[in-house]
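One structure is given below, encoded as structure tokens.
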Amino acid sequence: MQRRIIGRTGVEVSLLGFGCMRLPTLPSGEIDEEQAMAMVRSAIDAGVNYLDTAYNYHGGKSEEFVGKVIQDGYREKVHIATKMPVWLLEKPEDCARIFQEQLGRLGVDYVDFYLLHSLNLESWHKALEHEALEFLEEAQAQGLIRHVGFSFHDELPAFREIADAYPWDFCQIQFNYMDENYQAGLAGLKYAASKGLGVIVMEPLRGGRLVRNLPEEIEELFASAPVQRTPAEWSFRWVADHPEVSLILSGMNRMEEVEENIRIMAEAAPNSLSREELALIKKAREIYSSRVQVPCTDCRYCLPCPENVAIPRIFSMFNDASIYNNFDGSRWMYENLAKKEEDAGRCAACGQCEAVCPQHIEIIESLRLAHSAFAGQA
């Protein structure tokens, strides 16, 4: 298993980290502990030494499961990462209370890597209000936390503000060949590395969208490559090609995925993709991008809608489903919008939104098409 160093920490980790958010489950929804235990320990035996969990994963059961995994001598073989659910903080004392609960779930005396979870500008300010940074500093001084970081879901300016605000050891960002300019993106990756932060990558397969239900054009493109690789391998190798990446998380839920990912990560060295291979991935990005249905920039000038239609949200869902050939997978999200009476079917065609749209989008017709695609109505 290939190893890399997490920023200024000097800690050597496996390039592949096991994400414990998408573990195999039973029909009841509970973690299939027998299958998951076999998978995670098999990965550890093969050299994976970083387990990523969080307070809320699998309804709070993921941390408990990880606590079981690391028994029988496995604690000494891995670094454990878990996260503070900032959205649950109501007062400064909650930081220590939640953290102690997490130590109990995991059955450990300390956590190797601890993150403020899923920060955006709003939750970052909430973390500051409830003295989360003071808690991290104290817990680290007491040896309860070895290394501190944050996971991130917002735009680049917010990422830079957070990265500059505290002497973080590492960060965790969404990064894949379709998200080069999304959220922190490539610019954030390089910025963090320039400050000495290790960078953990999540969503290298964009939640599975880059490996499932591939459009025919993408399948033909990969089939034409001189070197035959699975869609997962193309995706992982593109991320791993960036030397600033310290570790790549994968939420594996089948033993076959564990075995394939271990094989891929043994070979995915920095700067190892040829010019031709990078051009092929660029072409895949262009093909996916060409499938965008609505050129919405999420400027939100169209809001508020008199009928409460969630216009930018609907267009984002419509584009995502079209790009990744996944209308069935996105339909449940649209159904949730309908329950909140925010779906496109409520559009009264008043035209107020079109009058102010800087992109001159035919919003009324685009909403009709989205509603037809998701709700099955002409």
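The sequence shown lines up with residues 117 to 494 when you count with our numbering.
All C-beta atoms, glycine included, are put in the ideal place defined by N, C-alpha and C.
Keep in mind the model is a prediction, meaning the values are calculated, not measured.
Residue j beta carbon less than 8 Å from that of residue i
i           : j           : result
residue 495 : residue 288 : Outside the shown range of the chain, which is 117 to 494, sits residue 495, and nothing can be said about it.
residue 159 : residue 374 : yes
residue 418 : residue 479 : yes
residue 409 : residue 442 : no
residue 381 : residue 352 : yes
residue 304 : residue 272 : yes
residue 201 : residue 233 : yes
residue 360 : residue 398 : no
residue 316 : residue 286 : yes
residue 210 : residue 246 : yes
residue 368 : residue 137 : no
residue 279 : residue 308 : yes
residue 355 : residue 291 : yes
residue 264 : residue 195 : no
residue 404 : residue 294 : yes
residue 362 : residue 314 : yes
residue 348 : residue 321 : yes
residue 151 : residue 140 : yes
residue 407 : residue 432 : no
Residue range of the alpha helix (DSSP H) that includes residue i
i           : result
residue 379 : 371-383
residue 147 : Where residue 147 is concerned, there is no enclosing alpha helix (DSSP H), given that its DSSP letter is neither H nor E.
residue 215 : 209-222
residue 62  : Lying outside 117 to 494, the shown extent of the chain, residue 62 is not represented and no answer is given.
residue 414 : Premise fails: residue 414 is in no alpha helix (DSSP H) and is neither H nor E.
residue 248 : 248-257
residue 452 : 443-455
residue 350 : 347-356
residue 433 : 427-439
residue 306 : 301-310
Range covered by the beta strand (DSSP E) that runs through residue i
i           : result
residue 275 : Per DSSP, residue 275 belongs to no beta strand (DSSP E); it is in the alpha helix (DSSP H), 272-281.
residue 262 : 261-268
residue 119 : 119-121
residue 95  : The requested residue 95 is not part of the displayed model; the chain covers only 117 to 494.
residue 166 : 166-168
Cβ-heavy atom distance, residue i to the ligand NAD, below 7 Å
i           : result
residue 427 : This structure lacks the ligand NAD; in fact it carries no ligand of any kind.
Residue i (DSSP reduced to helix, strand or coil)
i           : result
residue 197 : strand
residue 496 : With the chain running from 117 to 494 in the structure shown, residue 496 is simply not present.
residue 494 : Note that residue 494 has pLDDT 37, beneath the 50 cutoff, so the model's placement of it is unreliable and the number below is only indicative. In this structure, residue 494 counts as coil in the three-state DSSP scheme.
residue 131 : coil
residue 189 : coil
residue 403 : helix
residue 228 : strand
residue 284 : coil
residue 476 : coil
residue 161 : helix
residue 390 : coil
residue 340 : coil
residue 485 : helix
residue 155 : helix
residue 126 : coil
residue 332 : helix
residue 322 : coil
residue 244 : helix
residue 465 : coil
Supposed contact pair residue j and residue i - C-beta distance, whole angstroms, cut 8 Å
i           : j           : result
residue 428 : residue 466 : That belief does not hold up - the Cβ atoms of residue 428 and residue 466 are roughly 17 Å apart, past 8 Å.
residue 168 : residue 133 : 5 Å
residue 365 : residue 175 : Going by Cβ atoms, the distance from residue 365 to residue 175 rounds to 20 Å, so no, they are not a contact pair.
residue 228 : residue 191 : That belief does not hold up - the Cβ atoms of residue 228 and residue 191 are roughly 10 Å apart, past 8 Å.
residue 483 : residue 460 : 4 Å
residue 153 : residue 185 : 6 Å
residue 470 : residue 426 : Not really, about 16 Å apart at Cβ, beyond 8 Å.
residue 226 : residue 260 : 5 Å
Residues bridged to residue i [DSSP beta-bridge criterion]
i           : result
residue 289 : 317
residue 235 : 268
Residue-chain proximity (residue i, chain C), Cβ-Cβ < 8 Å
i           : result
residue 162 : Looking at the structure shown, chain C is missing, and only one protein chain is on hand.
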